[in-house]
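Residue numbers (my numbering): 628 to 855. From the three backbone atoms N, C-alpha and C, an ideal C-beta is built for every residue, glycine too. See structure below.
Rendered as structure tokens:
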């Protein structure tokens with residue numbers, strides 16, 4: 628393989644590729660490899676965001692405008708529903724041209740309706756209170772089952788057997804229970820006192836056991852347990 632190297636303004640002459648290999652082996656970079664390396668990117672760390680700040684601000688403003696529109700529409704629907712319900716429940720009164728007795732009858736009728744509505748309101752409030760109490764009790768039971776309730780500080784108290792049974796059984800417990808009644812009474816003996824011990828003369832025993840009489844006594848003593 629040959630590479631043409633320019634020499635001044637004259638005609639190029641072929642140069643062997645061994646010179647390039649020798650320069651690379653000496654520690655100098657290879658020009659062929661340098662030509663393939665891409666230039667360094669100085670803006671690699673600072674990447675541009677996909678959405679600009681102005682675009683984000685525009686999207687936020689559009690979302691807020693849509694939310695405001697939905698809220699206003701829902702508020703108008705609620706007001707219309709309220710007006711319709713009141714028109715059904717409270718019709719317009721026609722008091723023109725009515726006599727005194729007719730006005731009194733109308734007032735009595737309105738008072739009766741108010742009483743009925745008040746009773747219904749009271750019943751609904753009582754049901755709501757009952758339901759809230761049940762929900763609270765169920766929540767406490769759930770916490771008790773999970774074991775996440777705060778343990779109160781306990782202290783040691785001496786309780787007798789009767790008090791314990793009374794606390795467990797309530798009014799059913801009527802028999803007094805004494806646990807010390809079946810225990811045996813044991814008296815401590817005075818072991819420190821020394822008992823008097825009679826010490827005899829061993830010579831008398833030897834003299835008594837000597838001779839024919841002593842042998843006879845020994846024979847009788849050995850014979851007596853066997854005869855029994």
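| Query | Result |
| --- | --- |
| Could you name the residues of the same chain whose beta carbon sits closer than 7 Å to that of residue 700, not counting the 5 residues immediately before and after it, in chain order? | none |
| If I'm right that residue 621 touches residue 730 with Cβ under 8 Å, what's the distance once you round it to whole angstroms? | A question about residue 621 goes unanswered here, because the residues of the chain that appear run from 628 up to 855. |
| If you measure from the CB of residue 703, is any heavy atom of the ligand SAH nearer than 6 Å? | Ligands in the displayed structure: none, and consequently the ligand SAH is not present. |
| Measure the C-alpha to C-alpha separation of residue 761 and residue 754 and round it to an integer number of angstroms. | 11 Å |
| How would you label residue 640, buried or exposed, when you count the other beta carbons within 10 angstroms and need 16 or more for buried? | Caution applies to residue 640, whose pLDDT of 49 falls short of 50 and renders its modelled position unreliable; the value that the coordinates give is listed next. The residue is exposed, with fewer than 16 neighbouring Cβ atoms inside 10 Å. |
| Could you check where the alpha helix (DSSP H) with residue 751 kicks off and where it finishes? | 727-773 |
| Select from 792, 707, 737, 726 the residue whose C-alpha is nearest the C-alpha of residue 719. | 737 |
| For residue 677, which of helix, strand or coil comes out of DSSP? | coil |
| Please report the straight-line C-alpha distance between residue 749 and residue 741, rounded to a whole angstrom. | 12 Å |
| Roughly how many angstroms lie between the CA atoms of residue 784 and residue 790, to the nearest whole one? | 12 Å |
| I need the straight-line Cα distance from residue 691 to residue 707, nearest angstrom please. | 24 Å |
| For residue 724, name the three-state secondary structure that DSSP assigns. | coil |
| Per DSSP, what kind of secondary structure is residue 781 in: helix, strand or coil? | coil |
| Can you look up residue 597 in the DSSP assignment and give me helix, strand or coil? | Because the chain spans 628 through 855 in this model, residue 597 falls outside it and cannot be assessed. |
| From residue 764 to residue 744, what distance separates their C-alpha atoms? | 30 Å |
| Distance, Cα to Cα, residue 686 vs residue 693? | 11 Å |
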